[in-house]
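Engineer:
There are 2 protein chains.
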Amino acid sequence: MSLRSLEKAAPVSVDPLSGREAAAPGSADPVLMLSIGAVERDTGLSKDVLRMWERRYRFPLPLRDQHGERIYPPDQIAKLRAIRRLMDRGHRPGKIINLDLPALEELGRTPAHRSESAGDIDEALELIGNHHLPQLRQLFNLRLMTQGLQRFVLDTVVPLTAAVGDAWGRGEFAVFEEHLYTEQIQSVLRNAIATAQAASQAPRVLLTSFPTEQHSLGLLMVEALLVCDSATCIPLGTETPGQEIVRAAEAHRADVVALSFSAAFPERQAASGLKTLRASLPGTTAIWAGGACMRRLRKSIDGVVQVRTLDQIAGLLTDWRSAH
Amino acid sequence: MSLRSLEKAAPVSVDPLSGREAAAPGSADPVLMLSIGAVERDTGLSKDVLRMWERRYRFPLPLRDQHGERIYPPDQIAKLRAIRRLMDRGHRPGKIINLDLPALEELGRTPAHRSESAGDIDEALELIGNHHLPQLRQLFNLRLMTQGLQRFVLDTVVPLTAAVGDAWGRGEFAVFEEHLYTEQIQSVLRNAIATAQAASQAPRVLLTSFPTEQHSLGLLMVEALLVCDSATCIPLGTETPGQEIVRAAEAHRADVVALSFSAAFPERQAASGLKTLRASLPGTTAIWAGGACMRRLRKSIDGVVQVRTLDQIAGLLTDWRSAH
DNA sequence: GATATCATTTTGTCCAGGACAAGTGTTTGA
DNA sequence: TCAAACACTTGTCCTGGACAAAATGATATC
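Chains as they are written, first to last, in our numbering: chain V, 260 to 583; chain U, 260 to 583.
Next comes the structure, spelled out in structure tokens:
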């Protein structure tokens, strides 16, 4: 008899009347309970990690369904999300995993200094929260016209995106509100890019991200900044396999390959992927790697420029041009 | 002693001089060998599936590194990708996994009936294959201007997208070429949508897809068609959880919720998701479901309009308006 | 001839618990 | 002050079994 069969025989608290799990502390509506695979998708923490934490730290401690499989109640998922957010900011799991949710949120609040968010950031946040779509669009277009594309990206889009992310993390924004924001900004930026696109000049920059990295907003911001300085952009969207990046760089005779890594992207994978890519590309092709993940990365990688803030882009461009 | 330790003691073909794996049939440059995690990211096949297939079908059969961990040579990865492509088109792994790469590519070729592709479709395909980005952009803009947005979507974008998908399925296009096409079309469509957007009229249509459905092009095409007829669009992008769709529909007082399902989306999941959504939304809110998956679905779902071709959109809109 | 129901096969996900590498932080020694 | 050695932390990979969920095919019913 297998271990799992033994487990199944063990008493499981199922209400014989409703066939549902009995209400245990922290449990809730069965429809809100997620399987380990669903939690992986939801939090970005792999199944292996979830099981490992359970073994090592005794958290999360999911209930079990009638087949002995883990089912995670919403409060544990919320805590996992909070932990994940803090890890993205550099905290280590062992130090924070046994704190409770309020303590975690407090921890998250401190380093995020949203004190000095400018007036138009707050204005935009309010429009998003109140679902005033046309006004939001109008605000973006107004800002774009008064600031110009470059300043719009650096002074409005960057801080606003951070603020939306924070608010979402604190549970102040729903998922769909964050989605809507992303769509609107994308629309505005893509429009501006198409309009500003000039006759193609060097360098030729290929823009994309590695597989599993789905965030396209960072790439779009970079593209906007590059277009401001008349570089030639070859946008591939997100999630291009390593091999394909090499083939694309060759086919388009790219001078630079620019990659974006969000905070959620695992540092290790970023580092190993970049090393492989560096080895596969000709030395004459530069690699620029940016995004929140790169900001945290300690070690530098030979032959890869780590773009820590978007301000650097303009400088990198002039550097490249004076070197060629 | 553990099984794994035993394995390590087993003979591994390592060249004692270079310390590298000896060249086995199908092996190649060590930097191109990927770990199981990397293959998961690259092909979208989970580690569990990769190990299961190895056990069941004896493919893939990766080499092992000095720690006994799987390392996959490029040719096996290429075959895995081909299998994955065919599975997305409805093939089953057991039937095709033991075919070789040419046979797999042949399989992809057959069902595609590329006989009657029009002249400008071929022209565009050629530009994509030759990586002539500016000319491609120009062609799109020209078509858009001569045809108008509605006809551009129906007569150019729809068949061209199908043709690109087919060509990619046959291995005639690389992944990055398909990515590039998608990006360009997106840019053109988003631009046109932003330009055409009129003062908001009824109905208010919320556009999105269910989780795991990442294809956004279909949604964009629908949005373009709706904008042509002055409907109000609330685009949420892809992958909105069911709960969130309901909340968003409420917050934005949507009259219609439009969902897109690509060919790869499992029919059953689509059907059950739609039923749940139908039950959660007020009866006054219409649901329109479109995409390749809906075309295959036999049964109709109560209270859900199945949009089988994009031509229907205009009619649906007038129907809705005359009914209100 | 179409459709519903049920059995069977196929396929993917989950389980346990061990091993170990790579990264991080700390102490020791030059 | 630096670096090597050390211990500790953390994530990824391993095996092989069990079983759920999906797809298919067969049979019965309208």
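By construction, the Cβ of each residue, glycine as well, lies at the ideal position given by its N, Cα and C atoms.
(1) Please go through the same chain and pick out, in chain order, the residues whose beta-carbon is closer than 8 Å to the beta-carbon of V/L569, but skip the five residues on each side of it.
(2) Just to make sure I have the definition right: I need the residues of chain V whose C-beta is within less than 7 Å of the C-beta of U/S446. Which are they?
(3) Using a Cβ-Cβ distance cut-off of 7 Å, determine whether U/A490 contacts chain V.
(4) Please indicate yes or no: does the CB of U/G549 lie closer than 6 Å to some heavy atom of the ligand HEM?
(5) Report buried or exposed for U/A507, applying the criterion of at least 16 other Cβ atoms within 10 angstroms of its Cβ.
(6) Select from the region 465–485 of chain V all residues with a C-beta closer than 7 Å to any C-beta belonging to chain U, and list them in chain order.
(7) Are the C-beta of U/P494 and some C-beta of chain V separated by less than 7 Å?
(8) Please name the residues in the region 509–528 of chain U whose beta-carbon is closer than 7 Å to at least one beta-carbon of chain V, in chain order.
(9) Is it the case that the Cβ atoms of U/A513 and U/R580 are separated by a distance below 7 Å?
(10) Taking a Cβ distance cut-off of 7 Å, strictly less, list which residues of the region 413–442 of chain V are near chain U, in chain order.
(11) Is V/I572 helix, strand or coil by DSSP?
(12) Consider the Cβ of V/T405: report whether some Cβ of chain U lies at a distance smaller than 7 Å.
(13) Where V/V447 and V/L439 are concerned, what is the direct C-alpha to C-alpha distance, given to the nearest angstrom?
(14) Identify every residue that forms a DSSP beta bridge with V/W547.
(15) Can the beta-carbon of V/V486 be found less than 7 Å from the beta-carbon of V/A530?
(16) Please work out which residues of its chain come closer than 8 Å, Cβ to Cβ, to V/K306, disregarding the five sequence neighbours upstream and downstream, and give them in chain order.
(17) Per DSSP, which one or two residues make a beta bridge with V/T302?
(18) Please classify V/T577 as buried or exposed, where buried requires at least 16 other C-beta atoms within 10 Å of its C-beta.
(19) Using 7 Å as the limit for Cβ to Cβ distance, is U/R402 near chain V?
(20) Is the Cβ of V/A297 closer than 7 Å to any Cβ of chain U?
(21) How big is the Cα-Cα spacing for U/A523 and V/R344?
(22) Using a threshold of 7 Å, state whether the C-beta atoms of V/A391 and U/A510 are closer than that.
(23) Less than 7 Å between CB atoms is the rule here; does V/T499 satisfy it with respect to chain U?
(24) Where does V/Q335 land, buried or exposed, given buried means 16+ other C-beta within 10 angstroms?
(25) For a contact meaning CB atoms closer than 8 Å, what does U/H390 contact in chain V?
(26) Give every residue of the same chain whose Cβ lies closer than 6 Å to the Cβ of V/T491, excluding the five residues on either side of it in the sequence, and list them in chain order.
Structural biologist: Let's see:
(1) V412, L413, V417, M480, V481, L484, G549
(2) R449, A453
(3) no
(4) Judged by which ligands are present, the structure shown has none, so any question about the ligand HEM falls away.
(5) buried
(6) P470, T471
(7) yes
(8) A510, H511
(9) no
(10) A433, V434, F435, H438, L439, T441, E442
(11) helix
(12) no
(13) 13 Å
(14) V/A517, V/V564
(15) no
(16) I295, G296, E299
(17) V/T302 is not bridged to any residue.
(18) exposed
(19) no
(20) no
(21) 31 Å
(22) For the sequence presented, residue 391 of chain V should be read as His rather than Ala. No; because the gap between Cβ atoms is not below 7 Å, this pair is not in contact.
(23) yes
(24) buried
(25) A510, H511
(26) S459, R463
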